[in-house]
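>
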Amino acid sequence: MNDSGGEGLPAGERDELNALRQRVHALESAGPPRTPRHHPFRTLGSVLLILLAALLSLLSVVAVWANSIVQDTDRYVATVGPLASDPDVQKAVTNRVTDAVLAQIDVDALVKELTDAASQRDVPPRLTQLVGSLKGPIQDGLKQLVNSTVERVVTSSAFETVWVNGNRRAHSALDKALTGRSDGAVKLENNQVVIDLGPIVADVKNQLVDAGFSAASKIPAVHTNFVVFASKDIGKIRSYVRVLEILGGWLPVIALLIAAAGVYVAFNRRHALIGAALAVFVAMLVLGIGLTVARDAYLNHLPPAASEAAAGSVYDALVKFLRAGVRALAAVALFTAAGAFLCGPSRIAVFTRTGCRRGVGGLRDAATSAGLRLGAVGRFVHRYKRWIGAAILVIAAVVLFTWTYPTTAVVVWTAVITLVALALREFLDAP
């Protein structure tokens, strides 16, 4: 070939050379390839969808919790059952029942009965006068006797059984109280959800009679209430609970679909997935802080006669599983963000993937050197490696999404098992 353009070449090769020159000229004249223009409305739509999904994820956790309290009797009993052994609740119940019992005992009549008995036995007038001045000590002694009897009943294992069984029977009434239709042992009364402690008073009455305090037999049937929840905004709360009860089964699905749509319309879907996961994590962080702030606000608005310690224990018990759900979803969001980041082209992600792959590959090489033969299994895994990885991730997502009440431990163990499955896939990958 010479500088004149390849006149010494055969005709066929000369035509091919000219065609190649034309293609090169066309590519050079076209300039560098244009990067696709990012449409601002598409980016804005992705951001709005992700933020909406984060907000709905917050509402979803609350909705699922409200649904579990209202509709799941076992969940409700597991929520309020431990309160029977809570010292603050036991103290509040003891004080409430003690006051109810003492209100039914006529101390003046007891002192008069003692005075009359002393007069009939011809005791000295001075002794009769002393007996008449024993109203205060008798009242203090009665209070101590009743209080110790009530405390013995409330701290017994029998009370825990009565408490759990009573709450189980009363769950339907609590359902009605939270949805606006109240009756039964648990009811909505003066912006309060209360439990009737009448059976405990009756048990205390029987024990006092058995101990020889015959005056207790005159105590009538007493219905005294223990406040489970009190708020001047109980009507609004009842409306919110009703709405969340209706949406509880659908909000998680809706939030997931909206998040998927936000990731799909984004130009960089991996970055969008990381952003969606972090947005959900921030939403769970806000909800956790909100629960703490709401606790302080609730305790600051208690009625004057209410026990703040017992009310705090009741609040903590009611939101215990809500906090567990918040932590679980926050863990899922963090694991998702970390997984999406490690799939990217950053130096840390590439270094991590390469190190893991080399480590597993070294174990596989050592095993094959020791006589392990993967054979058809290795060839199958190598051929469908991507599909197997996708199946592992889908199974992990289905497990978390269908688990009735996932906890942080469930999330962590699911992540660990997923990583082990992916490592096993890499180990079995034999070209």
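Residue 198 in numbering that gives the first Met the number 0 sits at position 199 of the sequence shown; the count goes up by one each step and never skips.
Even glycine gets a Cβ: it sits at the ideal position worked out from N, Cα and C.
Note that this is a predicted model, so its numbers are computed, not measured.
If you draw a straight line from the C-alpha of V161 to the C-alpha of S155, how long is it?
Cα-Cα distance, rounded: 10 Å.
> Express the C-alpha separation of G343 and V349 in angstroms, rounding to a whole number.
7 Å
> If you drop the 5 nearest sequence neighbours on each side, which residues of the same chain put their C-beta closer than 8 Å to that of R74?
S67, I68, F320 and Y404
> So, at 7 Å on beta carbons, what are the nonlocal neighbours of V152 in its own chain, with the 5 sequence-adjacent residues on each side left out?
F158, I199, D202, V203 and Q206
> Count the other C-beta atoms from every protein chain shown that fall within 10 angstroms of the C-beta of N299, then say buried if there are 16 or more, exposed otherwise.
exposed
> Taking the beta carbon of I49 as the centre, do at least 16 other beta carbons fall within 10 Å, making it buried, or is it exposed?
I49 is buried by the Cβ-count criterion.
> Any idea what DSSP makes of F158, helix, strand or coil?
helix
> To the nearest angstrom, how far is the alpha carbon of V185 from that of V88?
Its pLDDT being 47, under 50, V185 is placed unreliably in this model, and the coordinates cannot settle the point.
> Between the alpha carbons of V398 and W412, how many angstroms are there, rounded?
11 Å
> Excluding the 5 residues preceding and the 5 following V325 in the sequence, name in chain order all residues of the same chain whose CB lies nearer than 7 Å to its CB.
Here the set comprises V60, M283, L286 and G287.
> Specify, as a first and last residue, the run of the alpha helix (DSSP H) that A366 falls within.
R346 to S368
> Given this structure, state the Cα-to-Cα distance separating G248 from V242, to the nearest angstrom.
11 Å
> Please say whether V376 and L418 have beta carbons closer to each other than 9 Å?
no
> Could you tell me how far apart the beta carbons of A339 and I273 are, in whole angstroms, since I believe they sit closer than 8 Å?
5 Å
> Where does W449 land, buried or exposed, given buried means 16+ other C-beta within 10 angstroms?
Any answer about residue 449 is impossible in this case: the structure gives the chain only from 0 up to 430.
> Is it true that the CB of F280 sits closer than 9 Å to the CB of L333?
yes
> Thinking just about the alpha-carbon of each residue, which of S312, A329, S345 and K142 is nearest to the one in A91?
S312
> Could you spell out the range, first to last residue, of the alpha helix (DSSP H) harbouring H270?
R268 to N299
> In whole angstroms, what separates the C-alpha of K384 from that of L373?
Roughly 15 Å between the two C-alpha positions.
> Closest to I104 by CA distance: which of A77, S368 and V208 is it?
The closest CA to that of I104, considering only A77, S368 and V208, is found on V208.
> As a quick exercise: from I391, I387 and L423, pick the residue whose alpha carbon is nearest that of L362.
L423
> If we ignore side chains and look at the alpha-carbon of each, how far apart do D295 and L55 end up?
Roughly 25 Å between the two C-alpha positions.
> Tell me the rounded alpha-carbon separation between V76 and V163.
Distance between the alpha carbons of V76 and V163 is about 7 Å.
> Measuring CB to CB, does G44 end up less than 9 Å from V264?
yes
> Report yes if the CB atom of F266 is closer than 9 Å to the CB atom of R41, and no otherwise.
yes
> How many Å lie between T367 and R357 at the Cα?
15 Å
> Mapping DSSP to helix, strand and coil, what is R372?
coil
> Alpha carbon to alpha carbon, what distance is there between A308 and L250?
Straight across, the Cα-Cα distance linking L250 with A308 is about 34 Å.
> Mapping DSSP to helix, strand and coil, what is V185?
Confidence is the limiting factor: at V185 the pLDDT is only 47, short of 50, which leaves the residue's position unreliable, though a coordinate-based value still follows. Strand.
> Taking just the CA atoms, how far does A293 sit from L421?
42 Å
> For A323, which of E425, V410 and V96 has the nearest alpha-carbon?
V410
> Quick one: Cα of A429 to Cα of V359, how far?
12 Å
> Less than 9 Å separating the beta-carbons of A62 and A278?
no
> Is the beta carbon of N94 closer than 9 Å to that of S306?
yes
> If I measure Cβ to Cβ from D2 and keep anything under 8 Å in the same chain, skipping five residues before and after, which residues do I get?
With a pLDDT of only 48 at D2, under the threshold of 50, the placement of this residue in the model should not be trusted; the figure read from the coordinates follows. Cβ neighbours of D2 beyond the five flanking positions: none.
> Any idea what DSSP makes of Q206, helix, strand or coil?
Three-state DSSP puts Q206 in a helix.
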